[in-house]
Amino acid sequence: MKKIILQVVGTVILTVSALWVQADELNLRAGVTEISKEVYSLHMLILWICVAIGVVVFGVLFYSVYAHRKSKGVEAAQFHHSTKLELAWTIVPTLILVGMAYPATETLIKMYDTGGEDMTVEVRGYQWKWQYKYLDEDYNRTFSFFSNLATPRSQINNRQVKTDTYLLEVDEPLRIPTNRKVRFLITAEDVIHAWWVPDFGIKRDAVPGVVNDLWAIVPEPGIYRGQCTELCGKDHGFMPIVVEALPEAEFDAWYASRVSTEVVRTESFDDTFSHEQLMAKGEEVYGTYCSACHLANGQGIPPAFPAIAGSAVAMGPKDDHLRLVIEGVAGTGMQAFGKQLDPVELASVVHFQRHSFGNDAGDLSQPADVINLSGGQ
Amino acid sequence: MSEVIHADHHDDHHHGPEKGLLRWLYTTNHKDIGTLYLWFSFAMFLIGGVLALVIRAELFQPGLQFVQPEFFNQMTTNHGLIMVFGAIMPAFVGLANWLIPMQVGAPDMALPRMNNLSFWILPFAFGMMISTLFMEGGGPNFGWTFYAPLSTTYAPDSVTYFIFAVHLMGASSIMGSINIIATILNMRAPGMTLMKMPLFVWTWLITAYLLIAVMPVLAGAVTMMLFDIHFDTSFFNAAGGGDPVMFQHIFWFFGHPEVYIMILPAFGIVSHIIPTFARKPLFGYSSMVYAVASIAFLSFIVWAHHMFTVGMPLAGQLFFMYSTMLIAVPTGVKVFNWIATMWRGAMTFETPMLFAIAFVVLFTMGGFSGLMLAITPVDYQYHDTYFVVAHFHYVLVPGALFSIIAAVYFWLPKWTGKMYDESLGKLHFWLSFIGVNITFFPQHFSGLAGMPRRIPDYALQFADFNMLSSIGAFIFGFSQLVFLYILINTIRSGKPAEGRSWEGAKGLEWTLPSPAPYHSFTHPPKVTEAEIQG
Ligand SMILES: [Cu+2]
Ligand SMILES: [Cu+2]
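So the protein lines, in turn, are chains B and H. Residues 1 to 377 in my numbering are what the first sequence spells out, letter by letter. Residues 378 to 911 in my numbering are what the second sequence spells out, letter by letter.
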């Protein structure tokens, strides 16, 4: 019996230590910001204190298990209290705790120092994507975009080889400059999400109706990945966070070009498009924004998420269809996409739904229709 | 004996169980009800375990293999709800039913009819909750913590059944607690003062007060949800002026004491088993009682440590960090006392003792990770990752669950009058011990490496540890069938057990013959120094 147990324990220890060497990440990441490094050393401090206490406590326990057994013919002692000992093991742990609380308090106070920022980004959680809105000094929006999971379904469904950044990649990352204090305003549109970038040592819940703030100064350029960490429904596991820190000059150039494309984009709202143009654009928008619920084949997941194929709405009047997509259906997963998509995207995705999966409404939806319906905005 | 015959004379139907199935439906006997609770919780444990294995099968490899995300979320939610409310809590109530009257020297529980009702509510509550899994739109999928608005505005239609089921469970727990308090305060044998009560009785007395204090809070939370869903209120709906964060405050004001509800009776159990097999009195009886009382008190002022990331003001964060760290002190006292009890004893290692020692070691590990989680700035990194999953499974599986299993082995001879098979018991222990650690230890690593909890699919760097964890879960899960076999085998063909089934056992229950008579003590026993713990 003993031999077998020893063997089993031995094998477990061997496999675990083999994995230890193999796996690239076993411990918390130290990260790149001053805060994350401080958090890391705090983590290591507590970890080692716990290990030390564990070694002593379990050492005593296992010595006792080894030495004080009936089979060794020992007589049981009959003592049952000792005021000195009991006082000691109340007071000493309290002191150790104070020793831990002190540096923890210091770090926490630093983390709460959100003022004096160089720029501000609003981070808004949606079922199941993040929206990043760059704000100017007066907190007005300059431009914004959504950051969606970029991993193809075929990888998730095991039909294609998974790449290194599986589930940790997005179509457009949040870009921030290095060495500047960036303030993040965290909020959500529908349910609670949580925005976490481990390498920055920051995580905050994105709560509808509440704006939380976080900050980071990232010293090194690079790509930093994280995930949503609050259960937010079906695709909670599929809304990663990717932040690209660019050197300051590079960031400024990118920022300027984003602002000017923004102007071009707003101008295109006045254009009219052909069936082919709408279909091409619409398919793209559908794949990114709608297929999570209505599925790529338009069949949906009834009853929670209705099919688009053969849908009465998609075959009915154009304006009703547009209105439903713009305003959403309150109290369901069907969001008010008027807040997320621009008129061109809205018109084309609706047009696409009306002319795909066997639907054939035979009309054209244009950005102007959207603008009319939303009251000229 | 002559008294029994005499009593038989004027009240005969009270003296043996009724025949047939109706015995179980109508019974008001504490032992029958205890048995019902225990088998019910075992059934729930197996169902909850199957859901856990679905989860672990899906997580065996990256990618979606067996289930879709929406079903996965139903599995995690129902696994949590069933294990907490269906397996652990009813098991402790079952043990309370069996043991408290025998340990305080009473014939039965104080309120036997209510006792019957509080059990029979449960199968309906869980029948209703589990049936939602087969409804259109699926069952609860918002996590066992059911944060609004995911559980209100965005919930499947079946959430109303879930709310009703929670109400029923709450009613059952409150009735059970009232009964336990009434029994302990009124029915102790003469001479058993409060500070001479066995620790299991003490821990349950305090637990029962916790339950009465927090179950109504949970009921309030689900009622507000019900109103938000059906009557257009906006308690938790930001668009209507409500506050989703308030839901979390209310939930965790219930939830943190709930965590202790699931561990305090375990402390009691271990405080019986260790002295018995060390053949030595419990070390520091009164400090054990004070430690339990302080843990219970502290459990009301630490709730927001589950919410460090919701964005509280700095002062709030600091308060909850300090108060949470403080819990380590009384918890440490208990662990030190158990080890001091073992120290210089004459130990033997029968199955209950093995589970109890594993409890002390592994629960302490859960305590360490708990202390780490209390440190707010680092909690930001751990929160809602597998590190938390590892933490609470360490305190609940090798913690609460192992204590329940230990209790079953320990008192089984008293209940059935028969001895279980020791080598099978040891086999069950070692399989469980190894399985538990292979399952949950690697989860510390995947959590630190950044794997969020409640996800059906994960990035590639978490693959090795998840595979290991899944293997462990299957070992652990299937080794519980050994337990079932041992139980049935003991009941059907175990060797007869003595009244005092263990050499070092102390306490009034061991003065009764095995199996214990249907009405434990028809006459108050004498409480002698030899049979008290302190
Ligand atoms: Cu999420
Ligand atoms: Cu808690």
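The C-beta atom is built at its ideal place from N, Cα and C for all residues, glycine as well.
Inter-stretch contact at 8 Å, needing at least 3 Cβ pairs: the segment 604-622 of chain H / the segment 840-856 of chain H: no
Contact list for the segment 510-523 of chain H against chain B, Cβ threshold 8 Å: Glu513, Gly514, Gly515, Asn518, Phe519, Gly520
Measuring alpha carbon to alpha carbon, tell me which residue in H:Thr793, H:Leu778, H:Ser418 is nearest Ile868 of chain H. H:Thr793
Given 7 Å as the limit, tell me if Val679 of chain H has its C-beta closer than that to any heavy atom belonging to ligand 2. yes
Chain B beta carbons: is any one of them nearer than 8 Å to that of Lys657 of chain H? yes
With Met639 of chain H and Met466 of chain H assumed to form a contact (beta carbons below 8 Å), what rounded beta-carbon distance in angstroms separates them? 7 Å
Quick check on Ser664 of chain H: buried or exposed, where buried means 16 or more other Cβ atoms within 10 Å of its Cβ? With 16 or more other Cβ atoms from the protein chains shown falling within 10 Å of its own Cβ, Ser664 of chain H counts as buried.
Length of the line joining the Cα atoms of Leu398 of chain H and Glu327 of chain B: 58 Å
What are the complete alpha helix (DSSP H) segments, minimum 4 residues, inside the segment 30-114 of chain B? 34-67, 83-111
Do you know how far the Cα of Gly661 of chain H is from the Cα of Phe449 of chain H? 46 Å
With distances taken Cα to Cα, identify the nearest neighbour of Gly116 of chain B among B:Ser374, B:Pro367, B:Ile217. B:Ile217
When you measure from the CB of Cys232 of chain B to every non-hydrogen atom of ligand 1, does any distance come out below 7 Å? yes
Mind reading off the beta-carbon distance from Gly812 of chain H to Phe853 of chain H? Whole number of angstroms is fine, and I expect it under 8 Å. Their Cβ separation, rounded to whole angstroms, is 3 Å, which keeps Gly812 of chain H and Phe853 of chain H in contact under 8 Å.
Using only the alpha-carbon positions, how far apart do Glu172 of chain B and Pro593 of chain H sit? 47 Å
Using the Cβ count rule (16 or more neighbours within 10 Å means buried), how would you classify Ala249 of chain B? exposed
Name the residue from H:Phe577, H:Pro500, H:Ile832 whose alpha carbon lies nearest to the alpha carbon of Ala420 of chain H. H:Pro500
Can you name the residues that DSSP bridges to Ala206 of chain B? Note: Ala206 of chain B sits in a beta bridge opposite B:His193.
Using a C-beta to C-beta distance shorter than 8 Å, which residues of chain B count as neighbours of His768 of chain H? Per Cβ cutoff of 8 Å: no residues; His768 of chain H is ~12 Å from chain B at best.
Against chain B: residues of the segment 469-501 of chain H by CB proximity under 8 Å: none
Compare the C-beta of Ser847 of chain H against all C-beta atoms of chain B and say whether one is closer than 8 Å. no
Nearer than 7 Å: is that true of the beta carbon of Val218 of chain B relative to any heavy atom of ligand 2? no
Beta-bridge pairing of Phe143 of chain B - partner residues as DSSP gives them: B:Tyr134
Any non-hydrogen atom of ligand 2 closer than 7 Å to Val636 of chain H Cβ: yes
Starting from Ile608 of chain H, trace the beta strand (DSSP E) both ways and give me its first and last residue. It is worth fixing the name first, because residue 608 of chain H is Phe in this sequence and not Ile. Counting along the chain, no beta strand (DSSP E) covers Phe608 of chain H, and no H or E run does either.
Give the DSSP bridge partners of Val123 of chain B, in chain order. B:Tyr132, B:Ile186
To the nearest whole angstrom, what separates the beta carbons of Gln438 of chain H and Met730 of chain H, a pair I think is in contact under 8 Å? The Cβ separation is near 39 Å, so there is no contact.
Does the beta-carbon of Asn474 of chain H have 16 or more other beta-carbons within 10 angstroms, so that it is buried, or is it exposed? buried
Cutting at 6 Å between CB atoms, please list the residues of its own chain near Trp680 of chain H, excluding the five before and the five after it. Trp629, Phe630, His633
Scan the segment 719-735 of chain H for residues whose Cβ lies nearer than 8 Å to a Cβ of chain B and list them as they occur along the chain. Met719, Trp720, Arg721, Gly722, Ala723, Met724, Thr725, Phe726, Ile734
Using only the alpha-carbon positions, how far apart do Asn492 of chain H and Met505 of chain H sit? 21 Å
Under 8 Å between C-beta atoms, does Arg69 of chain B make it to chain H? yes
Please go through the same chain and pick out, in chain order, the residues whose beta-carbon is closer than 8 Å to the beta-carbon of Gln451 of chain H, but skip the five residues on each side of it. Cβ within range, chain order: Leu510, Gly515, Gly516, Pro517, Asn518.
Is the shortest distance between the beta-carbon of Ser154 of chain B and the beta-carbons of chain H less than 8 Å? Under the 8 Å criterion on CB atoms, Ser154 of chain B is classed as non-interfacial with respect to chain H.
With hydrogens ignored, establish whether the beta-carbon of His633 of chain H is closer than 7 Å to any heavy atom of ligand 2. yes
So that I know if they touch, is there some Cβ in chain H lying closer than 8 Å to that of Glu117 of chain B? no
Interface partners of Gln227 of chain B on chain H, CB under 7 Å: Pro829
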